[in-house]
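In the UniProt record's numbering, the protein residues as written are 1 to 358.
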């Protein structure tokens, strides 16, 4: 079956389901199918990008061998050239090999920029971090490709994290976690409108969503660490409070989606959620990973669902083995949480099954 026949079949199926004629962008569908047909496998892309990164490492090694690593003007000029070339190549061409070249040049530009700025007098780590963040924003505004958009999101998420370690400000990880979670919430909640925007074509939305997800998981990991930082329980409670409120809101939207309108059931579910997540309020990584799971489920984001489940299992294990929390507290939290999920599953899926029997 060719693309046109498959498109006709899908459209006719949808029209028979909704009962009226469906107006679609036929040219856009055919273009999307053509791009998917000509796309390479993920394995080929990953191998190509790894090869580009290794080539970048070889280039940096050659700079050290030639004793050019201390030539600040040369490093800054090369950083600017590589950054501009990476953006230009990615905008004009859509091939795997050139993707690998642009990614390696893009990564090299940041590395050379750091090497060039660090020896300069009066340049602090905060200023270098701000430059990295600004370049990430510029990339998001200029580049239309998936891979550079994804890397730019990671740069924007990771560059502020440098300040957490450099300035020893663990509270900053909680603030950044709240900001990135809110951005991910806005992105997923407005998915249909964003994906229809011309600026989000070529899967840019998917790249932004995946990058935000990895950024949130990284900050959840940071706030879950109890070693290396002085524990600030008040910040744990602040970030947990935000995550729990957002989780309650998403659960309410999902219940409305499943036509669960009974006030008694909603009150019970919200009370159970508050109790269960409240018991883990000093460990915001658990409520954060649950929120990611619910948001990913709402938009059928399979990668997010898989990573969220893995994160829940990891953070629950970390919570249970945290020596700063009493064993009684942890046991009660685990038991109540298990009972909550069983009851939640029963309440949500009981009503649809009743309709099926009717």
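The C-beta atom is built at its ideal place from N, Cα and C for all residues, glycine as well.
- Per DSSP, residue 300 lies in no alpha helix (DSSP H) segment and is marked neither H nor E.
- In this structure the segment 293-312 touches the segment 199-219; the number of beta carbon pairs closer than 8 Å is three or more.
- Counting only runs of 4 or more residues that sit fully inside the segment 224-265, the alpha helix (DSSP H) segments are 233-257, in chain order.
- For residue 122, the secondary structure class from DSSP, reduced to helix, strand or coil, is coil.
- Residue 284 counts as buried, since no fewer than 16 other beta carbons sit within 10 angstroms of its beta carbon.
- Contact annotation: the segment 104-123 touches the segment 71-80, with at least three C-beta pairs closer than 8 Å.
- In the three-state DSSP reduction, residue 168 falls in the coil class, being neither helix nor strand.
- Distance from the CA of residue 247 to the CA of residue 274, rounded to the nearest whole angstrom, comes to 10 Å.
- Following the DSSP letters along the chain, one finds residue 198 in no alpha helix (DSSP H), marked with neither H nor E.
- Your pair residue 278 and residue 181 does not check out as a contact, with CB atoms roughly 18 Å apart and the cut at 8 Å.
- By the criterion of at least three beta-carbon pairs nearer than 8 Å, the segment 77-89 is in contact with the segment 141-152.
- Taking residue 164 as the centre and dropping the five residues before and after it, the same chain places the C-beta of 172 and 173 closer than 6 Å to its C-beta, in chain order.
- Assignment of residue 207 by DSSP, reduced to helix, strand and coil, places it in the helix class.
- In this structure, the beta-carbon distance from residue 176 to residue 311 does not fall below 8 Å.
- Within 10 angstroms of the beta-carbon of residue 236 lie 16 or more other beta-carbons, which makes it buried.
- Residue burial annotation: residue 160 is buried, with at least 16 other C-beta atoms found within 10 angstroms of its C-beta.
- Note on the segment 98-168: whole alpha helix (DSSP H) runs with a minimum of 4 residues are 125-142 and 146-166, in chain order.
- Counted as a single uninterrupted DSSP element, the alpha helix (DSSP H) harbouring residue 78 occupies residues 72-92.
- Nearest Cα to residue 269 within the set 282, 254, 281 and 120: 254.
- A distance below 8 Å separates the beta carbons of residue 144 and residue 204.
- For the 8 Å CB-CB criterion, residue 53 and residue 109 do not form a contact.
- When 67, 167 and 281 are compared, the shortest CA-CA separation from residue 233 is found for 281.
- Residue 138 sits exposed, since fewer than 16 C-beta atoms from the chains shown fall within 10 Å of its C-beta.
- With contacts defined as CB atoms closer than 8 Å, residue 194 and residue 187 qualify as a contacting pair.
- In the structure shown, residue 9 falls within a helical segment according to DSSP collapsed to helix, strand and coil.
- Under the three-state reduction of DSSP, residue 66 is assigned to coil, being neither helix nor strand.
- Of all alpha-carbon atoms in 55, 318 and 128, the one lying nearest the alpha-carbon of residue 155 is that of 128.
- Distance between residue 70 and residue 59, taken at the CA atoms: about 15 Å.
- About 17 Å separates the CB atoms of residue 178 and residue 133; that is not less than 8 Å, and the two are not in contact.
- Annotation: residue 63 to residue 192 spans about 47 Å, alpha carbon to alpha carbon.
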